[in-house]
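S.K.: Take a look at the following structure, please.
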Ligand SMILES: Nc1ncnc2c1ncn2[C@@H]1O[C@H](COP(=O)(O)OP(=O)(O)OP(=O)(O)O)[C@@H](O)[C@H]1O
Ligand SMILES: [Mg+2]
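See the structure below:
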């Protein structure tokens with residue numbers, strides 16, 4: 002699925018970037034064109050206005066000239082001179098405006114020549130009038146040269162004004178085009194942007210869906226693994242329970258064999274020795290002494306056999322019950338280790354397998370105390386609470402870190418397994434140099450789930 006979404010991802014981003022670049026490009030071009038068009042419009046407007054001014058100045062100069070010629074009143078010379086001086090400035094401005102437009106310069110040059118000609122003609126007639134040469138200025142006035150020049154100036158100015166108007170309208174249409182271009186560009190880019198956004202959304206949704214599917218499949222795998230771990234743990238626990246049962250059965254079988262077979266042989270041997278001893282009488286004191294030694298050896302072997310059988314399967318448990326067995330166990334431990342053992346044992350009602358569990362727990366706890374605790378005081382208690390019992394073996398020894406006990410040892414692990422298999426709970430409380438307490442709570446009747 003991912004291979005399918007990657008090309009889309011590769012398209013939407015460049016598409017959005019390309020759309021943004023196109024938008025910027027279009028806007029920049031339109032802006033430049035508009036600025037150029039605006040400056041060309043303003044130039045055309047200025048040119049038109051200067052040409053209109055030129056016509057106006059020409060008219061003012063001619064009116065002043067005529068007034069002076071006809072009346073001889075020097076006041077008419079004032080507007081005439083003002084107009085001619087303005088005309089010079091006006092022509093300079095126009096020349097500057099036409100400089101960047103070589104195609105229009107020829108028309109302006111013609112106009113300029115006509116204006117200069119007309120100004121020269123007016124200047125001659127005014128000078129003649131000032132000199133009092135009436136015939137001469139009247140002659141100049143009556144010729145058509147002045148009128149023709151004025152007509153030429155008017156025509157050439159109108160032509161140039163037309164050209165400026167054309168430039169103005171082309172600038173306006175250029176601005177309209179730029180605006181149109183921007184409009185179309187923005188519309189296209191908006192569409193591309195929307196398309197890129199749509200593709201981005203689709204691709205994000207696709208990625209989300211893929212992610213969800215991956216999460217779900219991971220969760221399924223985790224659940225499956227969790228289930229497998231649970232099943233294996235349950236199988237292993239069952240196996241361990243079974244092994245412990247088999248072990249106890251084997252120990253029981255071995256104890257019975259030792260008791261019945263070896264016990265019978267040893268008893269027979271002891272009887273034979275006793276018979277031999279009585280037959281010998283006082284005939285051979287040396288042989289009697291040796292037989293006496295043999296009897297003692299046989300007694301030691303019988304005692305050893307009893308200890309081994311007791312260790313394999315405490316006969317006291319089936320013969321005397323848990324309470325008495327624990328009394329014996331703790332007393333023997335106290336005798337062996339020389340430690341004072343305080344007991345507080347209440348009689349309890351437990352099935353055979355739970356009794357063995359409690360017995361083994363106390364046995365292993367006492368063995369550990371003897372091996373590691375370096376204690377000066379040991380307490381063993383068993384309380385009956387009706388529905389359940391509690392067993393506690395405590396010492397005031399050096400203790401240990403109960404969160405990290407020896408991985409090589411199986412005593413505490415086996416203890417926990419036995420208690421839990423019997424439907425109970427084991428708690429180990431220990432701190433370095435703070436002593437150790439091994440406590441178990443067991444139901445008096447085995448729960449149905451664990452009863453097999
Ligand atoms: N009463 C105690 N005081 C101090 N340390 C203890 C006591 N009981 C157990 N330990 C510590 O806990 C460890 C684990 O005990 P556990 O009975 O599980 O194994 P083990 O005695 O070493 O070997 P195993 O019981 O299999 O012969 C011991 O090695 C010891 O360090
Ligand atoms: Mg141990």
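Residue numbers (the working numbering): 2 to 453.
By construction, the Cβ of each residue, glycine as well, lies at the ideal position given by its N, Cα and C atoms.
1) Looking at the secondary structure, which residues open and close the alpha helix (DSSP H) in which residue 349 lies?
2) Three-state secondary structure (DSSP) at residue 445?
3) State yes or no: is the C-beta of residue 430 within less than 8 angstroms of the C-beta of residue 438?
4) Exposed or buried, what is residue 369 when buried is set at 16 or more other beta-carbons lying within 10 Å of its beta-carbon?
5) Alpha helix (DSSP H) containing residue 536: first to last residue?
6) How many angstroms separate the CA atom of residue 2 from the CA atom of residue 197?
7) Quick one: residues in its chain with C-beta nearer than 6 angstroms to the C-beta of residue 331, no 5 flanking neighbours on either side, listed in chain order?
8) So which residues touch the region around ligand 2, with touch meaning a C-beta under 5 angstroms from any heavy atom?
9) Ligand 1 and residue 397: does the residue's C-beta get closer than 7 angstroms to at least one heavy atom of that ligand?
10) Which whole-angstrom value is the C-beta distance of residue 175 and residue 34, which I expect to be below 8 angstroms?
11) Are the Cβ atoms of residue 27 and residue 147 separated by less than 8 angstroms?
12) Any heavy atom of ligand 1 closer than 7 angstroms to the Cβ of residue 262?
13) Note down, in chain order, each residue of its chain lying with its Cβ closer than 8 angstroms to the Cβ of residue 313, except the 5 sequence neighbours on either side.
14) With H, G and I counted as helix, E and B as strand and the rest as coil, what does DSSP make of residue 395?
15) Quick check: what's the CA-CA separation for residue 334 versus residue 243?
16) Between the stretch 106-116 and the stretch 70-82, do at least 3 Cβ pairs fall closer than 8 angstroms?
17) With a threshold of 7 angstroms, establish whether the CB of residue 373 neighbours any heavy atom of ligand 1.
18) Quick check: the Cα distance between residue 304 and residue 271, rounded to an integer number of angstroms?
19) According to the Cβ coordinates, are residue 126 and residue 70 closer than 8 angstroms?
20) Span of the beta strand (DSSP E) holding residue 310?
21) In whole angstroms, what is the alpha-carbon distance linking residue 216 and residue 231?
M.R.: Straight from the coordinates:
1) Careful: residue 349 lies outside any alpha helix (DSSP H) and carries neither H nor E.
2) coil
3) yes
4) buried
5) Since the first residue shown for the chain is 2 and the last is 453, residue 536 is missing from the structure and cannot be characterised.
6) For residue 2, the predicted structure reports a pLDDT of 44, less than 50, and the residue's modelled location is therefore unreliable. The matter cannot be settled from this model.
7) 342, 344 and 381
8) 369 and 412
9) no
10) 6 angstroms
11) no
12) no
13) 252, 253, 255, 256 and 259
14) strand
15) 29 angstroms
16) no
17) yes
18) 13 angstroms
19) yes
20) No beta strand (DSSP E) holds residue 310; the alpha helix (DSSP H) holding it covers 286-313.
21) 22 angstroms
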